[in-house]
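K.L.:
So the sequences go chain by chain: A and B.
Sequential numbering from 228 applies to the first sequence in our numbering.
Sequential numbering from 54 applies to the second sequence in our numbering.
Glycine included, C-beta positions come from ideal geometry on N, C-alpha and C.
Mind looking over this structure? Questions follow.
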Amino acid sequence: MSVVQIAVGRRRRQRRRALITGILALLVVAVYAASLMIGQTFYSPTEVWAVMLGQTVPGASFTVGELRLPRATLGLLAGLAFGMAGTTFQTMLRNPLASPDIIGITSGASAAAVFGIIVLSLNETAVSMLALGGALLTATAIYLLSHRGGFTGTRLILIGIGVAAMLDSAITYVLSRAAAWDLQTAMQWLTGSLNGATWGTVAPLALACLVAVPAMLVQGRALGVLRLGDDSATALGVRVGPTRIVLIVGAVVLLAFATAAAGPIAFVAFMAGPIAARLVGPGASPLLPAALVGAALVLAADLIGQFAFDTRYPVGVVTGVLGAPYLVYLLIRTNRSGGSL
Amino acid sequence: MSAAPTVAPPPDAATLRRPAGVRLAWMGGTAVVLALLCVASVAFGVREVTLDEIIAALGGSTNGISEAAVVARIPRTVLAMLVGAALAMSGTTMQAVTRNPLADPGILGVSAGASLAVVIGIAFFGLNAPYSLMGVAIAGAAGAAVFVYAVGSLGRGGATPLKLALAGAAISAAFTSLVSAVLLPRVDVMESFRFWQIGGVGGATWDRIGAVAPVLAIGALVCLATTRGMNSLALGDDLATGLGENVGRTRLVSSAGAIVLCGAATAVAGPIGFVGLVVPHLCRLLVGTDHRWLLPFTAVAGAALLVAADVVGRVIAPGSEIEVGIITAFIGAPVFIWIVRRQRVREL
Chain A
228 MSVVQIAVGR
238 RRRQRRRALI
248 TGILALLVVA
258 VYAASLMIGQ
268 TFYSPTEVWA
278 VMLGQTVPGA
288 SFTVGELRLP
298 RATLGLLAGL
308 AFGMAGTTFQ
318 TMLRNPLASP
328 DIIGITSGAS
338 AAAVFGIIVL
348 SLNETAVSML
358 ALGGALLTAT
368 AIYLLSHRGG
378 FTGTRLILIG
388 IGVAAMLDSA
398 ITYVLSRAAA
408 WDLQTAMQWL
418 TGSLNGATWG
428 TVAPLALACL
438 VAVPAMLVQG
448 RALGVLRLGD
458 DSATALGVRV
468 GPTRIVLIVG
478 AVVLLAFATA
488 AAGPIAFVAF
498 MAGPIAARLV
508 GPGASPLLPA
518 ALVGAALVLA
528 ADLIGQFAFD
538 TRYPVGVVTG
548 VLGAPYLVYL
558 LIRTNRSGGS
568 L
Chain B
54 MSAAPTVAPP
64 PDAATLRRPA
74 GVRLAWMGGT
84 AVVLALLCVA
94 SVAFGVREVT
104 LDEIIAALGG
114 STNGISEAAV
124 VARIPRTVLA
134 MLVGAALAMS
144 GTTMQAVTRN
154 PLADPGILGV
164 SAGASLAVVI
174 GIAFFGLNAP
184 YSLMGVAIAG
194 AAGAAVFVYA
204 VGSLGRGGAT
214 PLKLALAGAA
224 ISAAFTSLVS
234 AVLLPRVDVM
244 ESFRFWQIGG
254 VGGATWDRIG
264 AVAPVLAIGA
274 LVCLATTRGM
284 NSLALGDDLA
294 TGLGENVGRT
304 RLVSSAGAIV
314 LCGAATAVAG
324 PIGFVGLVVP
334 HLCRLLVGTD
344 HRWLLPFTAV
354 AGAALLVAAD
364 VVGRVIAPGS
374 EIEVGIITAF
384 IGAPVFIWIV
394 RRQRVREL
């Protein structure tokens, strides 16, 4: 009897999860379409569709095809990448504060990218590779520094915060010395922005997503199991070592390429995971819902930043203003429940 | 109010009470170092100056460019000393009050609170008088401190070092993000605001020093007046209460002093991190943990550290300057990591 009940409950939860994931996907498509249509001039869905099919529409071909399409695609991919990478770290370290933008991995990617853009004036692909190197190096350094006499998530987070402080001041230094960049561009880059997106900036990120996203989704179930701890995961048939390496490398790749293309869009990696977990409930693989939440967040925040106020804000400011109170709320809730601190 | 250490000597009495001679020697030595650093701060910079020109400039002459450069460097050096001393004393007091080795105005988000309050004050309320800015900064610092402490002490175990540091770092990140949101659309004023993101002493003038010095002096006196209480707090609340210490009042008064120091320093120099973390730890190794000695000593050492950071920032990159906030982050973050590594961390 009870077995049947469990089975029924599980099926109900799975249906619910599938339903919510579907709704999220629809939401992402809707916001993506909206950011193609809305702008100085409004284009109808038929016009946008015609442009996407490659037909020539007067006016819309340039505005939608050359300006809005790369921008929206960059937002979509960066959101997917940040959401997926963030939730991977959060799940693996079993702490929502362990998102890559708080423990300094994003800062590592940013520092390398800023150095590549300003000091070495590299092209997009080279900058992405450099950002990847910086992120991997930072992740390794944080891991090694926090691994001493046993490994704890809290220590890793604090050490990450220290490393992030150092890297951030290095970024600030390089940006403040950049003669060619005016301060506003520099600050936009620091908060993350989709301005000036071209197919050239989108291409490396799209490639990285093509490789890393499927590889990680395959491991999604294992990630859910890793949450139970290494021993339980091994007992349940997960090969802990390889799984973890695939997931971490995949997450770092996504993070580095997204950062190189759009800057470290504030708090998306941090927010997407917990929001997705709230929506779909515990137990399932958090990767796909978190990626969708991330994409919806970035696209919606970009729309808000561009059109909701008198001045145009870069997307990172909007996500930052949304993320900051959420971070505080999460901290209060975690502390009150005596949770993972 | 009885002197705690004499009533109940803790096990490591040797580190608490270094011989007075040793302490005096360290104090004198640090003061000499500070004096040398001040000379260096006036002598080194983007422009090379000769000894004669320094002496002439100190005599009030501003004829040559070099002499003018020296005259410009003097207020900067004074401000670096004041800010360094204030941040170090603030950090020491916060560490004593929270009994937390990771306490620091930067890490606990107090500087970020002050920064945010000032930026909002300037951007939305058009404040620019030094005293109103300082008032706003101190209010912001106090708000952030109360908030971080409240959040960090929720739940089991009260305000453990790690919880407090985590709460501070998170709130700091949140505030920094809000500062960018306020600043970004204001291109015209952003150049003058940049300072609210990095922190530096380059914009020092005698007017600003004159405005901030009395406030810093009040904060410093409040902290110095409660050093005995801080020593009692180190024994734990129960024991301190048993020794006749009014724990709540001591905490309140000391934190108020620390917040005034940090807020005023942030109002004139922007957010400068890690000084309040590094200096007390270093000084405790040298003169022990008796706050009656430690606090004045950290003031001298903090002044020396910030002047040194300022000089390094001017010398290390030829032709330009690196803000002190960047240098202190590079010195301080490794120390922070080192302290975290030494902590025994509880994992669920």
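Would V340 (chain B) and A93 (chain B) qualify as a contact pair, given that the criterion is a beta-carbon distance under 9 Å?
P.N.:
For V340 (chain B) and A93 (chain B), no; Cβs fall outside 9 Å.
K.L.:
Closer than 8 Å is the cut-off here; do at least three beta carbon pairs connect the stretch 460-471 of chain A with the stretch 494-504 of chain A?
P.N.:
Short answer: they don't touch.
K.L.:
For the stretch 471-497 of chain A, which residues have a CB atom closer than 8 Å to at least one CB atom of chain B, in sequence order?
P.N.:
Answer in chain order: A493 and F494.
K.L.:
What does the alpha-carbon distance come out to for the pair A406 (chain B) and L135 (chain B)?
P.N.:
Nothing can be reported for residue 406 (chain B): it is not among the residues displayed for chain B, which extend from 54 to 401.
K.L.:
Pick from A:R239, A:L294, A:G281 and A:L253: whose alpha carbon is nearest that of M264 (chain A)?
P.N.:
Here the closest residue by C-alpha is A:L294.
K.L.:
State the CB to CB distance for the pair G361 (chain A) and A338 (chain A), rounded to an integer number of angstroms; the pair is presumed to be in contact (CB under 8 Å).
P.N.:
With 8 Å as the limit, G361 (chain A) and A338 (chain A) qualify as a contact, their Cβ atoms being about 6 Å apart.
K.L.:
Hey, S512 (chain A) and L558 (chain A): beta-carbon distance below 9 Å or not?
P.N.:
The answer is no: Cβ separation not under 9 Å.
K.L.:
Going by beta carbon distance, what residues of the same chain come within less than 6 Å of L155 (chain B), once the five residues before and after it are set aside?
P.N.:
Excluding positions up to five away in sequence, the list reads P214 and A218.
K.L.:
Please check if any C-beta of chain A sits within less than 9 Å of the C-beta of G378 (chain B).
P.N.:
By this cut-off, G378 (chain B) is an interface position.
K.L.:
Find the residues of chain A that neighbour F383 (chain B), judging by a C-beta separation of less than 7 Å, and give them in chain order.
P.N.:
The contacting residues are M393 and S396.
K.L.:
Grab me the residues of R403 (chain B)'s own chain with a C-beta within less than 7 Å of its C-beta, minus the 5 sequence neighbours each way, in chain order.
P.N.:
There is no way to answer for residue 403 (chain B), as the model of chain B reaches only from 54 to 401.
K.L.:
Quick check on Y553 (chain A): does DSSP put it in helix, strand or coil?
P.N.:
Looking at Y553 (chain A) - three-state DSSP - the assignment turns out to be helix.
K.L.:
The alpha helix (DSSP H) with V231 (chain A) in it runs from where to where?
P.N.:
From DSSP, the alpha helix (DSSP H) with V231 (chain A) extends over S229 to M264.
K.L.:
Please check if any C-beta of chain B sits within less than 9 Å of the C-beta of V555 (chain A).
P.N.:
Yes, contact with chain B.
K.L.:
Is the beta carbon of I330 (chain A) less than 9 Å from the beta carbon of F309 (chain A)?
P.N.:
Taking 9 Å as the Cβ cut-off, I330 (chain A) and F309 (chain A) do not qualify as a contacting pair.
K.L.:
Please look up how many angstroms separate the CB atoms of M147 (chain B) and L161 (chain B), rounded, as I've assumed it's under 8 Å.
P.N.:
Indeed they touch by this definition, with Cβ atoms about 7 Å apart.
K.L.:
Looking at the C-beta of S403 (chain A), does it have a partner C-beta in chain B at a distance below 9 Å?
P.N.:
Answer yes: the Cβ-Cβ gap between S403 (chain A) and chain B drops below 9 Å somewhere.
K.L.:
Cα separation between L568 (chain A) and L338 (chain B)?
P.N.:
For L568 (chain A), the predicted structure reports a pLDDT of 43, less than 50, and the residue's modelled location is therefore unreliable. A value from the coordinates is still provided. Cα to Cα, L568 (chain A) sits roughly 29 Å from L338 (chain B).
K.L.:
So the alpha helix (DSSP H) G329 (chain B) belongs to, where does it begin and stop?
P.N.:
Run containing G329 (chain B): V328 to V340, per the alpha helix (DSSP H) assignment.
K.L.:
Is A190 (chain B) helix, strand or coil by DSSP?
P.N.:
It is helical.
K.L.:
Throw me the rounded Cβ distance for the Y270 (chain A) and V256 (chain A) pair, which I believe falls under 8 Å.
P.N.:
Wrong, their Cβ atoms sit about 17 Å apart, outside the cutoff.
K.L.:
Quick one: what does DSSP say R295 (chain A) is sitting in, helix, strand or coil?
P.N.:
Reduced to three states, the DSSP call for R295 (chain A) is helix.
K.L.:
At 9 Å on the CB atoms, spell out the chain A contacts of I175 (chain B), in chain order.
P.N.:
What I175 (chain B) touches in chain A: nothing, since even the nearest Cβ is about 16 Å away.
K.L.:
Would the stretch 169-183 of chain B count as touching the stretch 378-389 of chain B if we require 3 or more Cβ pairs under 8 Å?
P.N.:
Flag = no, the stretch 169-183 of chain B and the stretch 378-389 of chain B do not touch.
K.L.:
Under 9 Å, Cβ to Cβ, is there at least one residue of chain B near P552 (chain A)?
P.N.:
So, interface residue.
K.L.:
Do G193 (chain B) and A167 (chain B) have their beta-carbon atoms positioned less than 9 Å apart in this structure?
P.N.:
In this structure, G193 (chain B) lies closer than 9 Å to A167 (chain B) by Cβ.
K.L.:
Could you tell me which chain B residues have their CB closer than 8 Å to the CB of L364 (chain A), listed as they occur along the chain?
P.N.:
Near L364 (chain A) there are no residues of chain B at all, since even the closest Cβ is about 16 Å away, more than 8 Å.
K.L.:
Could you name the residues of chain B that R454 (chain A) contacts, counting a contact when the two beta carbons are closer than 9 Å?
P.N.:
Under the 9 Å cutoff, chain B gives no residues; its nearest Cβ is about 13 Å from R454 (chain A).
K.L.:
Whose Cβ in chain A lies nearer than 9 Å to the Cβ of G326 (chain B)?
P.N.:
Going along chain A in sequence order, the residues near G326 (chain B) (Cβ under 9 Å) are A392 and S396.
K.L.:
I'd like the list of long-range same chain contacts for V102 (chain B), defined as Cβ closer than 7 Å, with 5 residues on each side in sequence excluded.
P.N.:
Excluding residues within five positions, the ones whose Cβ falls inside 7 Å are A96, S119, A122 and V123.
K.L.:
In three-state DSSP terms, what is P501 (chain A)?
P.N.:
Helix at P501 (chain A).
K.L.:
I'd like to know whether the C-beta of A227 (chain B) is nearer than 9 Å to at least one C-beta of chain A.
P.N.:
With 9 Å as the cut-off, A227 (chain B) counts as an interface residue toward chain A.
K.L.:
Does F97 (chain B) have its Cβ less than 9 Å from a Cβ in chain A?
P.N.:
Not closer than 9 Å to any Cβ of chain A, the Cβ of F97 (chain B) fails to qualify, so no.
K.L.:
Distance check for G423 (chain A) and A195 (chain B), CA to CA, integer angstroms please.
P.N.:
Taking the straight line from one Cα to the other gives about 41 Å.
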